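**Student:** Residue numbers (this note's numbering): 17 to 204.
The beta-carbon is built from N, C-alpha and C at its ideal position, and this holds for glycine as well.
None of the values given here were measured: they were computed from a predicted structure.
(1) Would you kindly report the start and end of the unbroken alpha helix (DSSP H) that includes residue 144?
(2) For residue 131, which of helix, strand or coil comes out of DSSP?
(3) Helix, strand or coil: how does DSSP classify residue 28 here?
(4) How would you write the range of the alpha helix (DSSP H) that residue 47 sits in, first residue to last?
(5) Buried or exposed for residue 145, please, with buried defined as at least 16 other CB atoms from any protein chain shown within 10 angstroms of its CB.
(6) For residue 29, which option in 59, 97, 170 has the closest C-alpha, if you only look at C-alpha atoms?
(7) If you draw a straight line from the alpha carbon of residue 138 to that of residue 48, how long is it in whole angstroms?
(8) Using the Cα positions of residue 32 and residue 78, report the straight-line distance between them to the nearest angstrom.
(9) Shortest alpha-carbon distance to residue 114 belongs to which of 94, 136, 96?
(10) With distances taken Cα to Cα, identify the nearest neighbour of residue 184 among 131, 43, 21.
(11) The alpha helix (DSSP H) that contains residue 155, what's its start and end?
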């Protein structure tokens with residue numbers, strides 16, 4: 017059993033995360049299709065339909081989290097979607113294709129895409145774990161006014177932590193690019 021406040025916090029956090037992810041895909045569809053094509057996991061003919069499907073799934077899941085519709089199914093579907101994203105990242109890391117945009121919140125960093133890294137696998141594993149934790153049955157207690165005030169503050173803190181973690185991933189990527197000589201150059 018999980019405290020109902022924690023479940024509510026996870027639900028709101030996933031609603032916001034998935035709504036923001038869908039927003040990026042819907043407001044920059046051409047760019048997202050390019051990112052999806054760069055993964056080289058789908059035939060070209062399926063890239064555009066898959067791009068729309070991902071956006072629609074994220075919108076549907078964001079609404080389901082926000083309204084509390086069938087928490088177990090919503091959590092499982094979210095974990096599955098994040099699992100697909102994680103698998104796509106992992107396959108390309110194994111292929112050595114680290115210099116492609118992960119598609120994780122593009123547009124949020126002023127146009128610079130976040131490249132693939134093993135840190136994204138860890139981040140996604142944590143998100144999958146959190147989604148599945150939200151499916152646990154709630155402890156039998158009523159939420160009070162103080163809980164809702166705390167919930168609002170906790171949502172802000174979680175959003176800032178998530179954005180901060182993404183910024184750290186971008187910073188690590190930038191620092192690594194400074195340390196590595198360009199391909200074909202002769203470091204002397």
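**Tutor:** According to the data block:
(1) Counting along the chain, the alpha helix (DSSP H) containing residue 144 begins and ends at 134-149.
(2) Looking at residue 131 - three-state DSSP - the assignment turns out to be strand.
(3) Residue 28 falls in the helix class under three-state DSSP.
(4) DSSP places residue 47 in the uninterrupted alpha helix (DSSP H) bounded by 45-54.
(5) By the 10 Å Cβ count, residue 145 comes out exposed.
(6) When each option's Cα is compared against that of residue 29, the closest is 170.
(7) Distance between the alpha carbons of residue 138 and residue 48 is about 23 Å.
(8) Going by the C-alpha atoms only, they are around 7 Å apart.
(9) Cα-wise, what sits closest to residue 114 is 136.
(10) Of the candidates 131, 43, 21, the residue whose Cα lies closest to the Cα of residue 184 is 131.
(11) Secondary structure note for residue 155: it is in no alpha helix (DSSP H), with a DSSP letter that is neither H nor E.
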